[in-house]
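Using the working numbering, read the sequence shown as starting at 7 and increasing by one per residue. Only one structure is covered here, and it is reproduced in the block below.
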Amino acid sequence: MPRVLQTHDTTSTRDEWLQVLDQLETSLGSGARDAVLAGPGERFSTGVQWRAPEHLGQIPVDLEKRARRLIAGQLELIGEIEDARRSAGMHLAAVHTIISAQHTDQAVYLDIAG
């Protein structure tokens, strides 16, 4: 037979889920894109790997919409990361083409700005 949560347990669980969502939204909004999509010469940093809290159980129904918005934001960031990876791969392929075409001890410069 499933355990019935008392009012205190439900409120406590909801508050804990609110904390989890707050933390995830903060990490997504505050520097996630900057950390992952650092520009040339900028230091690359990674965040802490997140693990779902096992003790909280199912997310309360009234927080599902907020959780879905968070997931949409994460999926958007994943798309941006994949685009950046593809772009970096194309730039790297262009550099390898130039380097392999010319065997010289002189410096080779590539004007990617046009």
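Think of the CB as a built atom: it goes at the ideal place given N, C-alpha and C, for glycine as much as any other residue.
Residue nearest to residue i in terms of C-alpha spacing, selected from the options
{"i": "W23", "options": "Q55, K71, D89", "result": "K71"}
{"i": "D28", "options": "T16, E82, A73, R57", "result": "A73"}
{"i": "I5", "options": "V101, I104, L30, R57", "result": "Only positions 7 to 120 of the chain appear in this structure, which leaves residue 5 out of reach."}
{"i": "P59", "options": "A99, R20, L81", "result": "R20"}
Cβ shell of residue i (< 6 Å), same chain only, five flanking positions each side left out
{"i": "G79", "result": "L34"}
Same chain, Cβ closer than 8 Å to residue i, neighbours up to 5 away in sequence not counted
{"i": "L69", "result": "R20, W23, L24, L27"}
{"i": "E82", "result": "none"}
{"i": "T16", "result": "P66"}
Margin query: Within 8 Å, do at least three Cβ pairs link the stretch 55-69 to the stretch 82-99?
Written below: The stretch 82-99 makes no contact with the stretch 55-69: fewer than 3 CB pairs, one atom from each, lie closer than 8 Å.
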